[in-house]
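First the structure, in the form of structure tokens, and then the observations on it.
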Amino acid sequence: MKIIFNGELVDIKNAPCTETGWLIGAGIFETIRTIDGQAWALARHMQRGYRSSGVLSIAMPSLEIVEESITELLKTEPHENGLLRVSFDRSGQWAAIHLPYRPVLNSANLGIHPEVLISHGETLKSYPYEHRLAILEEAHLLGFDETIVSNTEGNICEGAVSNIIFCIDSVWLTPPTTDGVLPGIMRELVLDHCDVQVQSIPLTRIGDVSKAILLSSLRIAQEVHAIAGRPLQPSHAFVDEIKAMVRLHSVG
1489 MKIIFNGELV DIKNAPCTET GWLIGAGIFE TIRTIDGQAW ALARHMQRGY
1539 RSSGVLSIAM PSLEIVEESI TELLKTEPHE NGLLRVSFDR SGQWAAIHLP
1589 YRPVLNSANL GIHPEVLISH GETLKSYPYE HRLAILEEAH LLGFDETIVS
1639 NTEGNICEGA VSNIIFCIDS VWLTPPTTDG VLPGIMRELV LDHCDVQVQS
1689 IPLTRIGDVS KAILLSSLRI AQEVHAIAGR PLQPSHAFVD EIKAMVRLHS
1739 VG
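Residue numbers (our numbering): 1489 to 1740.
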């Protein structure tokens, strides 16, 4: 398998990364959905990555080099449905990998994570990512597809690896980034183009949620059919609307 390492196309075994393209150590990353060789919302992802690099003082290559390298990688390792991950470590090295991705077609059953997270405001897209993946794995072991994470102030943050929008009293809401939420790219697109409001949501109001949708760059939008065993109302019409909007504003 070929990957990009420091702007050059190399075999993955000749780069200091895992078999799934994670650089060893710590840094920032962006995970991007690709369809038919096109990286969705690439400009927004790169803008977020460069903002994060400024916060963490990570040296970055020029945007032109990154974009040219990604174009070369997508041609060399093509997938009809793909996962493109670009990571930048604290030493100044960077890598990009393009892997096959199986689209999520089913609705989701959400759990509620029992432990709260200390909120330090807006979350950065950084690695190592093991803590969030461990939360997700715990949810899977309990029979859930994702899980709701809350903060020490008692407010809902997001899922283990996704943002969430909730319908309460016929109004679609999503928590603010100040509650410990990652400024997700799909969340950003939904706030820009759909009727969704930003508001803190106490976990105590979870019983008032009538509908919910998971948002992430890979799943785009996924209907939630239950939270902690309680069935929710269907939201597939809004899911379809979001997917159409994202396609319109992500490609080309």
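Cβ atoms here follow ideal geometry from the backbone N, Cα and C, with glycine treated the same way.
When the five nearest sequence neighbours on each side are left out, the beta carbons in the same chain lying within less than 7 Å of the beta carbon of Phe1632 are those of Asn1597, Leu1598, Gly1599, in order along the chain. For Lys1699, the enclosing beta strand (DSSP E) begins and ends at 1697-1704. In this structure, the beta-carbon distance from Ser1705 to Arg1539 does not fall below 9 Å. Secondary structure at Arg1590: coil, using DSSP grouped into helix, strand and coil. Its chain contains Glu1711, His1713 as the residues whose beta carbon lies nearer than 6 Å to that of Ser1595, once the 5 sequence neighbours on both sides are disregarded; these appear in chain order.
Counting C-beta atoms within 10 angstroms of its own C-beta, Asn1643 has 16 or more neighbours from the protein chains shown and is therefore classed as buried. Judged by DSSP secondary structure, Asp1680 falls within the alpha helix (DSSP H) whose first and last residues are 1673-1681.
Contact check for His1601 against Leu1562 fails: the beta carbons are separated by 9 Å or more.
DSSP places Thr1506 outside any alpha helix (DSSP H), giving it a letter other than H or E. Under the 8 Å Cβ criterion, the stretch 1646-1654 counts as touching the stretch 1668-1675, having at least three qualifying pairs.
Here His1608 is exposed: its Cβ has fewer than 16 other Cβ atoms, across all protein chains shown, within 10 Å.
The residues Ile1701, in chain order, have a CB closer than 7 Å to that of Phe1726 in the same chain once the five nearest residues on each side in sequence are set aside. The bridge partners DSSP lists for Leu1571 are Arg1521, Leu1587. In this structure, the alpha-carbon of Gln1685 lies about 44 Å from that of Ala1503.
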